[in-house]
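Asker: Going down the list, the sequences are from chains A and B.
Going by the numbering used here, the residue at position 158 of the first sequence is 194; the numbering climbs one at a time, nothing skipped.
Going by the numbering used here, the residue at position 141 of the second sequence is 177; the numbering climbs one at a time, nothing skipped.
Where a beta carbon is used, it is the ideal one built from N, C-alpha and C, also for glycine.
Nothing here was measured: the structure is a model prediction, and the numbers come from that model.
This is the structure, below, for whatever I ask next.
There are 2 protein chains.
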Amino acid sequence: MSVQNEVRIVEVGPRDGLQNLSDLVSTADKIDMIQHLAACGFAEIQAGAFVSPQAIPQFQDMSAVMEGVKNIRRATLTALVPNIQGVRDALRCGLKKINFFFSVSRSHNINNVRQTPDASLTALEGILSEIRPDSSLAVRVDIATAFGCPFEGPVAIPTVLDYVEKLAGLGVLEMTLCDTAGLGNPRLVEALGRQCIRLFPEVTFGMHFHDTRGLGLANILRAYEAGIRCFDGAVGGLGGCPYSPGASGNVATEETVFMFEEMGISTGIDLPALLAAALKIREKLSGAIFRSALLDAGLPAPRGALK
Amino acid sequence: MSVQNEVRIVEVGPRDGLQNLSDLVSTADKIDMIQHLAACGFAEIQAGAFVSPQAIPQFQDMSAVMEGVKNIRRATLTALVPNIQGVRDALRCGLKKINFFFSVSRSHNINNVRQTPDASLTALEGILSEIRPDSSLAVRVDIATAFGCPFEGPVAIPTVLDYVEKLAGLGVLEMTLCDTAGLGNPRLVEALGRQCIRLFPEVTFGMHFHDTRGLGLANILRAYEAGIRCFDGAVGGLGGCPYSPGASGNVATEETVFMFEEMGISTGIDLPALLAAALKIREKLSGAIFRSALLDAGLPAPRGALK
Chain A
37 MSVQNEVRIV EVGPRDGLQN LSDLVSTADK IDMIQHLAAC GFAEIQAGAF VSPQAIPQFQ
97 DMSAVMEGVK NIRRATLTAL VPNIQGVRDA LRCGLKKINF FFSVSRSHNI NNVRQTPDAS
157 LTALEGILSE IRPDSSLAVR VDIATAFGCP FEGPVAIPTV LDYVEKLAGL GVLEMTLCDT
217 AGLGNPRLVE ALGRQCIRLF PEVTFGMHFH DTRGLGLANI LRAYEAGIRC FDGAVGGLGG
277 CPYSPGASGN VATEETVFMF EEMGISTGID LPALLAAALK IREKLSGAIF RSALLDAGLP
337 APRGALK
Chain B
37 MSVQNEVRIV EVGPRDGLQN LSDLVSTADK IDMIQHLAAC GFAEIQAGAF VSPQAIPQFQ
97 DMSAVMEGVK NIRRATLTAL VPNIQGVRDA LRCGLKKINF FFSVSRSHNI NNVRQTPDAS
157 LTALEGILSE IRPDSSLAVR VDIATAFGCP FEGPVAIPTV LDYVEKLAGL GVLEMTLCDT
217 AGLGNPRLVE ALGRQCIRLF PEVTFGMHFH DTRGLGLANI LRAYEAGIRC FDGAVGGLGG
277 CPYSPGASGN VATEETVFMF EEMGISTGID LPALLAAALK IREKLSGAIF RSALLDAGLP
337 APRGALK
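The structure is reproduced here in structure tokens:
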């Protein structure tokens, strides 16, 4: 079996990077952010979330944001949705792909979406039967706390595999294992990644890491070695989950791209353009914490340039 | 051939972490820093450098610092030395181990120590013949810019191997490949590490990474996979090289320890003690930049503690 060497990087900054901010970002700034990112070559950008404005006020202007980015052709724009109402809103806004999400950890899912993991799966089943006739809507499912829960501690691999099996049984073909609280380590990442790929070869698995304790890129590297070829990142290392104590920013997209490109593994992203976009976004989002060594240091000078 | 699973972490914060600061750290604060670190279980701590006070004023009080840490028994204290004068000063202060250093890149070595790499090797030869009768002084040689030069760009693997061979010919049995300017990537790290170990099985190789562009831990992970078992780190991610444009801090020791311990690989370091020490050191060194996600986030809560 041949394994592809290229990786697909999904930019989730406009969603996971903004969700945690107490200040509301203006609709214009969100549109600018997504437009800047779309110009860097991403095949997929998570543009926001269709959630209750009471729960997360940051995304109350999703319709206006999606209207402002409807010119984008190359990148597939996606949004996080927790329920059927979110799916309907996403369809009304013309989205071609949604990310349903739930936590395998009961405490975390109840904190996050006020229901048990199994209730979330029942909701997903309802969503899938409603949208199946409209085959143009792709579905990715984000499996949160797959590497540990901030409330319950370690999550056993068989627990995650059980949920993967249930999702596969519902016909879900794309799943993202999310290290919501930054609790993964390379050994666990490799073990879970290898088992998922071996047991469910029909599913495309991605991974989503937070860099809470600095292990983000090391986890991505081991995941790649295990055969994972799709990774989320947030520009500038923005973000975090408001319901996960200690969950600081996502792994920085530009550092992920840099690592792979330096290793000769193609991402399809224009890295200088991404760094330029990151600087523009950082200028606008003055209330946000950017955590990216590469963004601070810049790319290495071309050979001999500093002589 | 069995490969040991434990890793040896050398704390270099008191040297590489302070060298870059424009403010002089008081002798008392340096002694405190080394004492705090020595209590965490390190087998080796780089306590400073015996260099010209004109070149690096930060280390002008090395004699007083060494006097203040002479009670330390468990950790071997080392110091960076560029020449025979430094070796004599180190011996006078009672050091049992020195780190000689030079860059394989001509431009960088001239910038750093005002001589060519080959002139540095000649100096080392003189040092080794002077100290050989005193067999109690161990010598580690730090090979700077082994993964790239901030002035000249990429450094070819055969260039590094040539210098390793010359050092081995001089009887040097411990060498550290240093990513002085944060230009290494996991693929290069693995390739150089594997070749060094294969060609020079009698030599113990370590690696020293700066986290300039975020790849520090990913590089360490791949180096480990290649068989490297000794890594430098600076508490809190302090440091950088004043002669390397863009060379920000070292990889944070506590993140390195955390990664290995989470993977079940023993470091011998008391991680909670190290984090406590890092917080105390951060309080004292108000002018320094600490860059460590783990230090900011803290260790994961014990299972169930947040329920």
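Is the beta carbon of GLY275 of chain B closer than 9 Å to that of GLY77 of chain B?
Answerer: For GLY77 of chain B and GLY275 of chain B, no; Cβs fall outside 9 Å.
Asker: Quick one: list the residues of chain B neighbouring ARG249 of chain A, beta-carbon separation under 7 Å, in chain order.
Answerer: In chain order: GLU291, PHE294, ALA329, LEU330, ALA333.
Asker: By Cβ distance, which residues of its chain are closer than 6 Å to VAL46 of chain B, with the 5 residues on each side in sequence left out?
Answerer: Once the five neighbours on either side are set aside, the close Cβ partners of VAL46 of chain B are GLU80, ASP268.
Asker: Given a limit of 9 Å on CB to CB distance, which residues of the segment 220–233 of chain B reach chain A?
Answerer: Within the segment 220–233 of chain B, the residues whose Cβ lies closer than 9 Å to some Cβ of chain A are GLY220, ASN221, PRO222, ARG223, LEU224, listed in chain order.
Asker: Let me know the secondary structure DSSP gives LYS66 of chain A once reduced to three states.
Answerer: Three-state result, LYS66 of chain A: helix.
Asker: In chain A, what lies closer than 8 Å to ARG258 of chain B by C-beta?
Answerer: Near ARG258 of chain B (Cβ distances below 8 Å), the residues of chain A are LEU257.
Asker: When the cut-off is 9 Å and only beta carbons count, does SER284 of chain A lie next to chain B?
Answerer: Closer than 9 Å: yes.
Asker: Quick check on DSSP: helix, strand or coil for ASN148 of chain B?
Answerer: Here ASN148 of chain B sits in helix by DSSP.
Asker: What does PRO308 of chain B touch in chain A if you count any residue whose Cβ is under 7 Å from its own?
Answerer: The premise fails here: PRO308 of chain B is roughly 14 Å from chain A at the closest Cβ pair, so nothing lies under 7 Å.
Asker: State the DSSP-derived secondary structure class of GLY104 of chain A, mapped to helix, strand or coil.
Answerer: Helix at GLY104 of chain A.
Asker: Rounded to whole angstroms, how far is the Cβ of LYS320 of chain A from the Cβ of ASP52 of chain A, which I believe are closer than 8 Å?
Answerer: Wrong, their Cβ atoms sit about 17 Å apart, outside the cutoff.
Asker: For the alpha helix (DSSP H) that THR158 of chain B lies in, which residues bound it at each end?
Answerer: Here the alpha helix (DSSP H) through THR158 of chain B covers 153–167.
Asker: Along the chain, where does the alpha helix (DSSP H) containing ARG223 of chain B start, and where does it finish?
Answerer: Residues 222–235.
Asker: Decide if LEU335 of chain B is buried, meaning its Cβ has at least 16 other Cβ atoms within 10 Å, or exposed.
Answerer: LEU335 of chain B should be labelled exposed.
Asker: With a cut-off of 8 Å on the beta carbons, I'd call ASN221 of chain B and LEU251 of chain B a contact; round off their distance for me.
Answerer: That belief holds up - the Cβ atoms of ASN221 of chain B and LEU251 of chain B are roughly 6 Å apart, short of 8 Å.
Asker: Beta-carbon within less than 7 Å of PHE326 of chain A's beta-carbon, same chain only, minus the 5 sequence neighbours each way: which residues are those?
Answerer: Excluding positions up to five away in sequence, the list reads GLY272, GLY273, LEU274, ARG318.
Asker: With 9 Å as the threshold, decide whether the Cβ of GLY189 of chain A is near any Cβ in chain B.
Answerer: Chain B, which has a Cβ nearer than 9 Å to the Cβ of GLY189 of chain A, makes this yes.
Asker: Would you report the Cα separation of GLU261 of chain B and ASN107 of chain A, rounded to the nearest angstrom?
Answerer: Spanning the two alpha carbons is a distance of roughly 46 Å.
Asker: Please state the DSSP three-state secondary structure of GLY84 of chain B.
Answerer: Here GLY84 of chain B sits in strand by DSSP.
Asker: Taking the alpha-carbon positions, what's the GLU291 of chain A to PHE183 of chain A distance?
Answerer: In a straight line, the C-alpha of GLU291 of chain A is about 21 Å away from that of PHE183 of chain A.
Asker: According to DSSP, simplified to helix, strand and coil, what is THR114 of chain B?
Answerer: Strand at THR114 of chain B.
Asker: Select from A:GLU103, A:GLY218, A:PHE241 the residue whose C-alpha is nearest the C-alpha of VAL208 of chain A.
Answerer: It is A:PHE241 whose Cα lies nearest to the Cα of VAL208 of chain A.
Asker: By the 8 Å beta-carbon criterion, what residues does the segment 40–57 of chain A contribute toward chain B?
Answerer: So nothing in the stretch comes that close.
Asker: Answer yes if the segment 164–182 of chain A comes into contact with the segment 128–136 of chain A, meaning at least three C-beta pairs across the two stretches below 8 Å, and no otherwise.
Answerer: Yes, since at least three Cβ pairs between the segment 128–136 of chain A and the segment 164–182 of chain A fall closer than 8 Å, the two stretches touch.
Asker: Rounded to whole angstroms, what's the CA-CA distance from GLY253 of chain B to ILE120 of chain A? Just pull it up for me.
Answerer: The sequence shown places Leu at residue 253 of chain B, rather than the Gly named in the question. LEU253 of chain B and ILE120 of chain A: Cα-Cα distance of roughly 41 Å.
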